[in-house]
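Trainee:
Numbering (full-length UniProt numbering), first residue to last: 1 to 350.
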């Protein structure tokens, strides 16, 4: 009989959810009992325990499969690394343009012979060349067009302006809205541009403070909860929980992100995820005390990949669930930057 963890690892993407997976595993155990498997004969199905194992597998599988270090995407490291990526992308585009220009300056050796031969019709020869040259597919042409007027100029300028604002330069020049951008990208571009203008108008980091990403700062709201636990249960530390990256507006703490390198094992990441859920629950309780009964968006980032989820309060019960269908990623090279700007990750982060 297969252990549940092995069975779940092999079939977790096949059956689409714990309930179907549990039903299939129950059938598997039943067949093994009929076959006389000694382990199956003494095995008792505990659905709650198996669900906990399944959740741990999902957490480890979702946020543990990464390849880069998280140290480059926290605090001002975000700005430095993004600018480095954009510079590399811009340099690559300039190299491609220079190669293209150098190739266009080369005169074919047979050009003079064609001109000197009166029997050759230039127009018919151009038609033959066009027939022999393979044409790009519509999808490829759209992709090339999108790259020409979306990623290279407007998106590049907008991203640089955002980086300048993060570094305290609130007078960064915003790029004009492109006239030939597709409808979907146009709405996204205008929204991003509007958000950046509002960000600059509010004084940049005075609107939302990013507090010492790698400084292990403590959240005040967690100190309150720990003092309550100490009063009820006795000897418990009343110091706040240390956090990687949290957002604050004035004295109100808004959300927390936990950022870890990909070298951490799945059990540590699962433990970190549970800690982050409890921390953001404390944030939500603190916001409720000042009259803000709103959901809190939290996130766990491992390397260059992250999972974002929302914590919603229903009376005395707090419910946590994902807000994105796919894992969000930060580009690590020029090729990934294009896919990032055209994909769901950029929209999710905005």
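Each residue gets a CB set at the ideal place from its N, CA and C atoms; glycine is no exception.
In chain order, what residues of the same chain lie with their CB nearer than 7 Å to the CB of residue 280, ignoring the 5 residues before and after it?
Mentor: Here the set comprises 255, 256, 296, 298, 311.
Trainee: Assuming residue 18 contacts residue 49 (C-beta within less than 8 Å), just tell me the rounded distance between them.
Mentor: Contact flag wrong, Cβ pair sits at about 12 Å.
Trainee: Taking the beta strand (DSSP E) that residue 322 belongs to, which residues open and close that run?
Mentor: That run of the beta strand (DSSP E) goes 317–322.
Trainee: If I follow the unbroken alpha helix (DSSP H) through residue 309, where does it start and stop?
Mentor: Unbroken run through residue 309 is the beta strand (DSSP E), 305–314; no alpha helix (DSSP H).
Trainee: Thinking C-alpha only, which one of 221, 30, 53 is nearest residue 44?
Mentor: Comparing Cα positions, the closest option is 30.
Trainee: Residue 33 and residue 21: beta carbons closer than 8 Å?
Mentor: No. Outside cutoff.
Trainee: Start and end of the beta strand (DSSP E) containing residue 254?
Mentor: Element bounds for residue 254: 252–260.
Trainee: Going by C-alpha distance, which of 316, 270, 94 is nearest residue 282?
Mentor: Among 316, 270, 94, the Cα nearest to that of residue 282 belongs to 316.
Trainee: I think residue 353 touches residue 245, with their Cβ atoms under 8 Å apart; what is that distance to the nearest whole Å?
Mentor: Residue 353 lies beyond the range of the chain shown here (1 to 350); nothing can be said about it.
Trainee: Taking all protein chains shown into account, do 16 or more other C-beta atoms lie within 10 angstroms of the C-beta of residue 265, making it buried, or fewer, making it exposed?
Mentor: That one is exposed.
Trainee: With distances taken between CB atoms, is the gap from residue 323 to residue 308 smaller than 8 Å?
Mentor: Yes, Cβ-Cβ distance for residue 323 and residue 308 is below 8 Å.
Trainee: Which value, in whole angstroms, describes the spacing of the CA atoms of residue 293 and residue 314?
Mentor: Those two C-alpha atoms are separated by around 10 Å.
Trainee: Going by CA-CA distance only, name the one from 302, 270, 9, 276 that's closest to residue 263.
Mentor: Looking at the Cα atoms, 302 is the closest of the given residues.
Trainee: Quick check on DSSP: helix, strand or coil for residue 362?
Mentor: For residue 362 there is no data in the structure shown, the boundaries of the chain being 1 and 350.
Trainee: Evaluate residue 321 with the Cβ neighbour count: other Cβ atoms within 10 Å of its Cβ, from every protein chain shown; 16 or more gives buried, anything less gives exposed.
Mentor: Burial call: exposed.
Trainee: Taking the alpha carbon of residue 278 as the point to measure from, which residue in 304, 177, 178, 319 has its own alpha carbon closest?
Mentor: Residue 278 has its Cα closest to that of 319, out of 304, 177, 178, 319.
Trainee: Which same chain residues, not among the five before or five after residue 36, have their C-beta less than 8 Å away from its C-beta?
Mentor: Taken in chain order, the list of residues that qualify is empty.
Trainee: Closest by CA to residue 26, which one among 275, 1, 274?
Mentor: Of the candidates 275, 1, 274, the one whose C-alpha sits nearest the C-alpha of residue 26 is 1.
Trainee: Do you know whose CA, among 53, 6, 253, 23, lies nearest residue 288's CA?
Mentor: Minimum Cα distance to residue 288 is reached at 253.
Trainee: Taking the alpha-carbon positions, what's the residue 12 to residue 275 distance?
Mentor: Those two C-alpha atoms are separated by around 25 Å.
Trainee: Taking DSSP's pairing of strands, which residues face residue 300 in a bridge?
Mentor: Partner(s): 258, 307.
Trainee: Please state the DSSP three-state secondary structure of residue 328.
Mentor: Strand.
Trainee: Could you work out which residue in 329, 97, 325 is closest to residue 304 when comparing CA atoms only?
Mentor: Among 329, 97, 325, the Cα nearest to that of residue 304 belongs to 329.
Trainee: Looking at C-alpha atoms only, which residue of 176, 55, 99 is the closest neighbour of residue 271?
Mentor: Checked all of 176, 55, 99; the closest Cα to residue 271 is 55.
Trainee: For residue 337, does the three-state DSSP call read helix, strand or coil?
Mentor: Note: residue 337 maps to helix in three-state DSSP.
Trainee: Rounding to the nearest angstrom, what Cα-Cα distance links residue 247 and residue 300 in this structure?
Mentor: Distance between the alpha carbons of residue 247 and residue 300: 14 Å.
Trainee: To the nearest whole angstrom, what separates the beta carbons of residue 53 and residue 5, a pair I think is in contact under 8 Å?
Mentor: That belief holds up - the Cβ atoms of residue 53 and residue 5 are roughly 6 Å apart, short of 8 Å.
Trainee: Assuming residue 278 is part of the alpha helix (DSSP H), what are its boundary residues?
Mentor: Its alpha helix (DSSP H) spans residues 266–289.
Trainee: Excluding the 5 residues flanking residue 111 on each side, which residues of the same chain have their C-beta closer than 6 Å to its C-beta?
Mentor: With a pLDDT of only 43 at residue 111, under the threshold of 50, the placement of this residue in the model should not be trusted; the figure read from the coordinates follows. Once the five neighbours on either side are set aside, residue 111 has no close Cβ partner at all.
Trainee: So, is residue 194 buried or exposed, given that buried needs 16 or more other C-beta atoms within 10 angstroms?
Mentor: Classification for residue 194: exposed.
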